[in-house]
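Take a look at the structure below.
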Ligand SMILES: Cc1cc2nc3c(=O)[nH]c(=O)nc-3n(C[C@H](O)[C@H](O)[C@H](O)COP(=O)(O)OP(=O)(O)OC[C@H]3O[C@@H](n4cnc5c(N)ncnc54)[C@H](O)[C@@H]3O)c2cc1C
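Residue numbers (the numbering used here): 19 to 821.
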């Protein structure tokens, strides 16, 4: 084993081997993979090897497509067979709702270039004769599905990497990791030490243990998973290989394995494996079978696919594999640990392993993953994702693997975890809560406790009317919203302005003022949108998306503040309430001696003022598009502030409103939001944020690329549509058609109660951005006429906010 390497990859499962191969492909040849047993001895060797292109996140779906297309290339390079069986596959729907979901999946596939085909139950039965069609109402056929040989794939990655100069060391455990002051690592192994510039944790079942070597508690948990292989089925004899099949109602997947069928389940009675610590003596091992646990799924399977129940069971496999709380991989650099990278929590190694290796290697070599990997970025989790939180969420995720997640559905596990001081008051006001980074926040308010429950649906839910009433109160009088679920940073010290001016695309505002700003990467793409609030000459309060707090902190490490400047995350320290609507000023004025007139406290003012006895930071700004104020207080004051506003609000027609109303109101104003309209695949001009980029500044991160984008006009445009929807609105990821062709995709959608029509935001090619007619948006399989709005549907001049 060499004693120096540019990269040490820990773990020789399918993921570590893919990372190794992709590093060599990206040009780094001096790379070493260390595996404590044989390659594949963790969760890889006993996998069923199935692969699919469909994923809930379109960007992860793209990486899955990449992975599947890679196998041929690997075989060509190495001569090693990957054992490919590209049979195609069918997802079966047993209910109308599942069929709606399949229609939406097909629609999304259109702009991802997937050729998915909706079929009737009869057609499905022709494709997959083992099914009893009376249990199904239709299906979705995907030609790019099948399975591979887990061992063959892992060997192929390793061989291709070795051919390019990489080294693979087996039967050697990494026992510790020690950082050096220059950011490199000493990798301590059973067979001696290796000095490495970078370390990748691809430890799979042991990723937590490898993380703990550097003080990291990664949110991953292994779950037991069982599949069985039947004896030969006479009906299969002499037939061509059966296609893959997913039966959502039975929570079953099945495919042919030699003369029989392999049948796996994601059972509701899910069982974690080694919830605290993974034993090191587990290698190439399986767990005791427990058919009792999967009996309910098997009963359904034998009814839906009778031939499977007519033969014996040849083999049962029970093995563990890991999941993150949301089921997506954990990939990327770790904040606070230089040159330490992770590629773990990959629950679908044969669909995702290639994409994970590609993204991580580009990130390491080029400084950027080269794709929008937010859905699998390890930075989406913060300290709140503790071991017990992870345990609860992973179990929930596993048992729901084949269940529909409706766009308005909130999941119950691990709740409530974080609450603000006004939580009980909001509960008493019949709030229906959502969960955001583990924090309970109100979505909408019901008239009574009995009605404080939302039906989950693809259509407008029972919340529709109540949300409408909240919007009207904000439009006509005043609404009160809890806004504690925003991210916040406080930047202090001499040099704060210079540092922020370099990091952010807009000009840092003067003292007492607010400026909105994109944050760009070197390629001029959007990696954040911030509200900069200048409290003092050397104190700036940044408001941003809370879910991206770790992501931002990691970016701030790349461009560290100079000595004397401190950047402090303070999301839960300053929590907030917002008042919005034409009477919000009169209400707030009745509680403060500070003059709130537009002359004295104009739009985009930010100041420390007292509200009653409560010291607060107040910004004159509102995401609703109405006259409004965001009020930030330290948490011990929030209850007093709430009580004060509620008591004084009675005479002004105050009504509580929640996140749902806020979402529809921001769409009426064509305001985008992070992770929806703003993502690292869009530039500021494409996203309509060009006016917040100050080219008057000599330099800032991404300036040259943003200038180029401005001059070329960019490839895409974010636009707003009014949609002839019926009882279902767009919610995101629907295709946008123009004159019979799919030209773009929706990022957000909702019914705009103030403008009384259904709306959607989405991206289309710049060349089409001046067209207003000829558009359609596909909602649950129906193409709905859509008109592009040439300005924000509500108050395009902004007179309400400014007045
Ligand atoms: C029953 C079953 C069926 C499955 N079916 C499918 C399927 O159909 N399709 C699909 O895509 N996925 C399937 N999976 C999941 C798939 O197995 C995983 O996604 C994949 O194996 C993850 O690979 P990995 O490389 O991340 O982890 P692992 O395979 O666990 O690899 C990690 C490696 O790191 C090594 N290691 C850890 N710590 C150290 C250390 N300190 N020093 C040296 N080496 C170390 C381990 O020995 C191990 O070999 C299935 C899993 C199971 C259990």
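Every residue, glycine too, gets a C-beta built ideally from N, C-alpha and C.
In terms of alpha-carbon separation, which member of 687, 237, 553 lies closest to residue 411? 237
Can you tell me whether residue 281 is buried or exposed? The criterion is at least 16 other CB atoms within 10 Å of its CB, across all chains shown. buried
Please confirm if the segment 350-359 is in contact with the segment 373-389, defined as three or more CB-CB distances below 8 Å between the two stretches. yes
Enumerate, from N- to C-terminal direction, the unbroken alpha helix (DSSP H) stretches of 4 or more residues contained entirely within the segment 742-817. none
Can you tell me the Cβ-Cβ gap for residue 630 and residue 496, rounded? I've got them flagged as a contact below 8 Å. The pair is not a contact, with the Cβ atoms about 17 Å apart (cut-off 8 Å).
Around the C-beta of residue 769, are 16 or more other C-beta atoms found within 10 angstroms, so that it is buried, or is it exposed? buried
Is the beta carbon of residue 52 within less than 7 Å of some heavy atom of ligand 1? yes
Please name the residue, chosen from 138, 74, 712, 555, that lies closest to residue 524 on a Cα-to-Cα basis. 712
Quick one: what's got a C-beta closer than 7 Å to residue 245's C-beta in the same chain, skipping five residues either side? 66, 280, 281, 282, 335
Leaving out the 5 sequence neighbours to the left and right, which residues in its chain are closer than 6 Å to residue 107 when beta-carbon positions are compared? 160, 163, 261, 262
Residue 564: CB within 7 Å of a non-hydrogen atom of ligand 1: no
Rounded to the nearest angstrom, what separates residue 750 and residue 420 at their Cα positions? 20 Å
CB-CB under 6 Å to residue 658, same chain, minus the five flanking residues each way: which ones, in chain order? 632
Please classify residue 395 as buried or exposed, where buried requires at least 16 neighbouring CB atoms within 10 angstroms. buried
Any idea if residue 64 is buried or exposed, counting beta-carbon neighbours within 10 angstroms, 16 or more meaning buried? buried
Can you round the beta-carbon distance between residue 225 and residue 363 to whole angstroms, since I take them to be within the 8 Å contact cut? 7 Å
State buried or exposed for residue 479, treating a residue as buried only when at least 16 other CB atoms are found within 10 Å of its CB. buried
Residue 633 (DSSP reduced to helix, strand or coil): strand
Backbone secondary structure at residue 95 - three-state DSSP: helix
Report whether the distance from the Cβ of residue 245 to the nearest heavy atom of ligand 1 is below 7 Å. yes
Opposing strand residues paired with residue 241 [DSSP bridges]: 290, 339
In chain order, what residues of the same chain lie with their CB nearer than 7 Å to the CB of residue 807, ignoring the 5 residues before and after it? 738, 739, 740
Does the beta-carbon of residue 416 have 16 or more other beta-carbons within 10 angstroms, so that it is buried, or is it exposed? buried
Residue 203 - containing beta strand (DSSP E), residue span: 203-207
Please indicate yes or no: does the CB of residue 315 lie closer than 7 Å to some heavy atom of ligand 1? no
Is the CB-CB distance between residue 26 and residue 205 below 8 Å? yes
Residue 494 - DSSP class collapsed to helix/strand/coil: helix
Contact defined as beta carbons within less than 8 Å: I believe residue 626 pairs with residue 553. What is the distance between those atoms, to the nearest angstrom? 7 Å
Suppose you measure from the CA of residue 693 to the CA of residue 563; what does that come to, to the nearest Å? 9 Å
Quick one: grab the DSSP three-state call for residue 596. strand
For residue 652, which three-state DSSP category applies? strand
Are residue 504 and residue 561 touching if we call contact CB-CB under 8 Å? yes
Tell me the rounded alpha-carbon separation between residue 422 and residue 202. 45 Å
Contact between the segment 591-608 and the segment 662-672 (3+ Cβ pairs under 8 Å): yes
For residue 78, three-class secondary structure by DSSP: helix
For residue 516, the nearest candidate out of 568, 139, 582 (CA to CA): 582
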